[in-house]
Amino acid sequence: MIRRKDLNCGVVFEVVRGDITTQDVEAIVNAANARLAGGGGVDGAIHRAGGPAILAECKKIGGCPTGFAVVTTGGKLKAKWVIHAVGPIYAGLPQDPATLARTYQNSLRRAMEKKCSSVAFPSISTGVYGYPIEQAAPIAMNSCAEFVKNNPGIKMVRFVLFSDPDFALYVKLLDRLKE
Ligand code: AR6
Numbered sequence: 000m001i002r003r004k005d006l007n008c009g010v011v012f013e014v015v016r017g018d019i020t021t022q023d024v025e026a027i028v029n030a031a032n033a034r035l036a037g038g039g040g041v042d043g044a045i046h047r048a049g050g051p052a053i054l055a056e057c058k059k060i061g062g063c064p065t066g067f068a069v070v071t072t073g074g075k076l077k078a079k080w081v082i083h084a085v086g087p088i089y090a091g092l093p094q095d096p097a098t099l100a101r102t103y104q105n106s107l108r109r110a111m112e113k114k115c116s117s118v119a120f121p122s123i124s125t126g127v128y129g130y131p132i133e134q135a136a137p138i139a140m141n142s143c144a145e146f147v148k149n150n151p152g153i154k155m156v157r158f159v160l161f162s163d164p165d166f167a168l169y170v171k172l173l174d175r176l177k178e
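With numbering that gives the first Met the number 0, you'll find the sequence shown wraps up at 178, consecutive numbering, no jumps.
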């Protein structure tokens, strides 16, 4: 299942129901933790599919503060790069939305540095980290739209949702997104 929208600035947004580890894009984003230690959820799935080289690179990097992102190679994945982004642990604080937005934008910054034209995101922070997806999804989409409009280079941003309700929510937001 896929839904597309041309943002009319040389960038297409896509919303896909599926597994991020199988996406045929130049970079996939991981919802990592600050120790870059691997874990459950999408993080566990990426390390399982990509093989031990990714965790070895993460160990060398050592860690990543909340709101930031670092890059490793994609190991055995189709994607050339994995961008390990550390979203906020949801606490209902006034700064949570800005931290989440910064996590998405810093991920796109890393993708641009690697000259990627296509990037796929999971729904960062909305699993173990507890961010309500109804609040997180518009932040994800709007922060990425703002970034690509102001920073030419990336041609396609894909949001990969693991469940039908999450996919439906993102499709609704994509349809409403200004071109
Ligand atoms: N493809 C796409 N989305 C997925 C996949 C997959 N293969 N697997 C899960 N999701 P989470 P967080 C969805 O918990 O909240 C880890 O232990 C999932 O349904 O993976 O940022 C890290 O090491 C949910 O909607 O990430 C950190 O400690 C979304 O991905 C912590 O969890 C994010 O859920 C990060 O928590």
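Each residue gets a CB set at the ideal place from its N, CA and C atoms; glycine is no exception.
Report yes if the C-beta of residue i is less than 7 Å from at least one heavy atom of the ligand AR6; otherwise report no.
i, result
"residue 20", "yes"
"residue 72", "no"
"residue 121", "yes"
"residue 67", "no"
Check residue i in the structure and name its three-state DSSP category.
i, result
"residue 142", "helix"
"residue 125", "coil"
"residue 21", "helix"
"residue 150", "coil"
Count the other C-beta atoms from every protein chain shown that fall within 10 angstroms of the C-beta of residue i, then say buried if there are 16 or more, exposed otherwise.
i, result
"residue 168", "buried"
"residue 101", "buried"
"residue 13", "buried"
"residue 122", "buried"
"residue 64", "exposed"
"residue 175", "exposed"
"residue 140", "buried"
"residue 23", "exposed"
"residue 42", "buried"
Please work out which residues of its chain come closer than 7 Å, Cβ to Cβ, to residue i, disregarding the five sequence neighbours upstream and downstream, and give them in chain order.
i, result
"residue 142", "100, 103, 104"
Out of the options, which one is the CA nearest neighbour of residue i?
i, options, result
"residue 152", "160, 115, 57", "115"
"residue 26", "42, 82, 61, 2", "82"
"residue 108", "93, 129, 149", "149"
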